[in-house]
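Participant: With our numbering, letter number 108 in the sequence shown gets 127, and the count goes up by one each step, no holes.
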Amino acid sequence: MHSLAAKEEILSRARGAFLGLALGDALGAPAEFLTRQEIRGKYGVLNEMVGGGWLRLKPGQVTDDTEMSLCLARAVADHGEWKLTAIADNLAGWLKSKPIDVGDTCRRGIRNYLLKGTLETPPNEWDGGNGAAMRMLPVALCTLSDQELLERCTIEQAHLTHNQPLSDAACLAVGKLLQMALTGKSLLQLRREVDLLISRFPSFTFDPYKGLATGYVVDTMQTVFHCFFRARSFESCVVETVNQGGDADTTGAIAGALAGAYFGEEYLPARWLKKMDKKLVAELRELADRLVKLSPLFTP
Ligand code: MN
Ligand code: MN
């Protein structure tokens with residue numbers, strides 16, 4: 020179905036997406052929990068890797084958004100296929116390593132796996148945080164071209180920590196949008212996919228934009244959609260997103276993955292990449308390649 024050149028392009032977009040996720044996380048993290056006005060007062064426009072913030076980060080340092088995505092990606096790459104227990108083990112190992120940042124709902128879900136082996140957290144209407152949506156990229160990569168597999172793996176990984184209808188809907192939409200962008204679909208086609216989400220769950224309506232960028236998955240997705248669909252470049256998308264403040268590293272990570280997939284690896288700002296840990300950059304690129312090559316797109 021896909022020619023060699025088309026497959027090469029998908030691999031390149033996949034690398035762009037995983038690097039884009041880390042770039043958005045690292046750019047936004049210093050502004051996490053700041054308001055739009057506070058960011059303007061402190062930085063003017065936050066468009067460089069400055070580090071700092073409440074976590075006292077080094078410039079270019081990533082947080083839980085990238086680290087949890089790495090847990091998923093490494094588990095799939097190490098086992099050569101989707102394996103939920105391997106993912107849960109990696110998340111458990113990560114939590115035990117005392118990460119600089121971890122959300123409450125994620126911590127509770129991972130702790131329940133550690134203590135009781137729970138792989139599915141019970142439904143809870145308060146679990147509407149963005150913690151499951153922020154780690155969707157590896158799922159999108161390793162299930163390319165198989166819609167059913169994408170949906171099954173999305174729900175499995177999401178329910179490790181979050182089991183709530185709006186979180187599920189956001190995770191499924193992020194996975195689908197990432198796959199569309201990775202395979203070169205147009206902005207209009209992506210927009211139609213979001214309209215479909217909004218027709219089922221009107222709370223994701225983002226036009227007019229309400230200006231909320233909190234960790235509530237609905238606010239997070241509104242912010243990502245608002246910024247992504249107006250952006251004309253990877254950089255402008257991520258800058259616009261993190262400058263909304265709030266959960267800026269997470270909105271930045273999701274928007275960065277989407278924009279990285281859509282615009283492609285060659286459009287990522289070199290000055291940002293230079294600030295990232297070299298080993299991390301190499302691993303993200305390699306994992307992106309390996310996950311896509313394990314997907315049904317490459318191994319039908
Ligand atoms: Mn984070
Ligand atoms: Mn965050």
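By construction, the Cβ of each residue, glycine as well, lies at the ideal position given by its N, Cα and C atoms. Keep in mind it's a predicted model, so treat the numbers as computed, not measured.
Can you tell me whether Trp73 is buried or exposed, with buried defined as 16 or more other CB within 10 angstroms of its CB?
Facilitator: By the 10 Å Cβ count, Trp73 comes out exposed.
Participant: In whole angstroms, give me the CA-to-CA distance for Thr269 and Cys256.
Facilitator: Answer to the nearest angstrom: the Cα atoms are 14 Å apart.
Participant: Going by Cα to Cα distance, which pick from Leu191, Asp266, Pro227 is closest to Asp44?
Facilitator: Comparing Cα positions, the closest option is Asp266.
Participant: Does the Cβ of Gly264 lie closer than 7 Å to at least one heavy atom of ligand 2?
Facilitator: Gly264: no, Cβ never under 7 Å from ligand 2.
Participant: Quick one, which of Gly271, Glu254, Ser252 has its alpha-carbon nearest Thr239's?
Facilitator: The option with the nearest alpha carbon to Thr239 is Gly271.
Participant: On the premise that Leu160 lies in contact with Ala2, defined as a C-beta separation below 8 Å, what is that separation, rounded to the nearest angstrom?
Facilitator: The question about residue 2 has no answer, for the chain in this structure spans 20 to 319.
Participant: Among the residues of its own chain, which have a CB less than 7 Å from the CB of Ala92, if the five just before and after it don't count?
Facilitator: Hits under 7 Å: Pro157, Leu306, Leu310.
Participant: Which residues in the same chain have their Cβ closer than 6 Å to the Cβ of Met295, if we skip the five residues on either side of it in sequence?
Facilitator: Here the set comprises Gly79.
Participant: In chain order, what residues of the same chain lie with their CB nearer than 7 Å to the CB of Asp187, ignoring the 5 residues before and after it?
Facilitator: These residues qualify, in order along the chain: Ile174, Ala177.
Participant: Could you give the distance in angstroms between the alpha-carbon of Glu27 and the alpha-carbon of Gln56?
Facilitator: So the alpha carbons of these two residues sit roughly 42 Å apart.
Participant: Which residue from Ile29, His245, Gly148, Cys172 puts its Cα closest to that of Lys204?
Facilitator: Out of Ile29, His245, Gly148, Cys172, Ile29 has the C-alpha closest to the C-alpha of Lys204.
Participant: Taking 7 Å as the cut-off, is the CB of Asp187 close to at least one heavy atom of ligand 1?
Facilitator: Flag unset: Cβ of Asp187 not near ligand 1.
Participant: If contact is defined by three or more beta carbon pairs under 8 Å, each pair taking one atom from either stretch, is the region 285-295 in contact with the region 125-141?
Facilitator: Taking 8 Å as the limit for Cβ pairs, the verdict is that the region 285-295 does not touch the region 125-141.
Participant: When the Cα atoms are used, what is the spatial distance from Phe248 to Gly194?
Facilitator: About 17 Å.
Participant: Identify every residue that forms a DSSP beta bridge with Leu76.
Facilitator: In DSSP, Leu76 forms a bridge with Gly71.
Participant: For Tyr235, write down the residues that DSSP places opposite it in a beta bridge.
Facilitator: Gly148.
Participant: Do you know offhand how far Glu167's Cα is from Leu76's?
Facilitator: Distance between the alpha carbons of Glu167 and Leu76: 39 Å.
Participant: Quick one: grab the DSSP three-state call for Phe220.
Facilitator: Phe220 falls in the coil class under three-state DSSP.
Participant: From Gly150 to Thr124, what does the alpha carbon distance come to, in whole angstroms?
Facilitator: Straight-line Cα distance between these residues: approximately 7 Å.
Participant: Which residues in the same chain have their Cβ closer than 7 Å to the Cβ of Glu100, if we skip the five residues on either side of it in sequence?
Facilitator: Excluding positions up to five away in sequence, the list reads Leu313.
Participant: Would Asp84 be called buried (16 or more neighbouring beta carbons within 10 Å of its own) or exposed?
Facilitator: That one is buried.
Participant: Closer than 7 Å to a non-hydrogen atom of ligand 1 - does that hold for the CB of Thr242?
Facilitator: False, no ligand heavy atom lies under 7 Å from that Cβ.
Participant: Where does Tyr62 sit, in a helix, a strand or coil, going by DSSP?
Facilitator: Helix.
Participant: In terms of residue numbering, what span does the alpha helix (DSSP H) encompassing Phe253 cover?
Facilitator: Taken as a continuous stretch (DSSP letters only), the alpha helix (DSSP H) holding Phe253 covers 253-261.
Participant: Does DSSP put Val300 in a helix, in a strand, or in coil?
Facilitator: Looking at Val300 - three-state DSSP - the assignment turns out to be helix.
Participant: Is the beta carbon of Ala200 less than 8 Å from the beta carbon of Arg32?
Facilitator: Result yes, Cβ atoms of Ala200 and Arg32 sit closer than 8 Å.
Participant: Please indicate yes or no: does the CB of Asp238 lie closer than 7 Å to some heavy atom of ligand 2?
Facilitator: Checking every heavy atom of ligand 2 against the Cβ of Asp238, none is found closer than 7 Å.
Participant: Let's see if you can read the secondary structure: which residues bound the alpha helix (DSSP H) around Lys117?
Facilitator: Counting along the chain, Lys117 falls outside any alpha helix (DSSP H), and DSSP gives it neither H nor E.
Participant: Quick one: does the C-beta of Thr82 sit closer than 7 Å to a heavy atom of ligand 1?
Facilitator: Result yes, Cβ under 7 Å from ligand 1.
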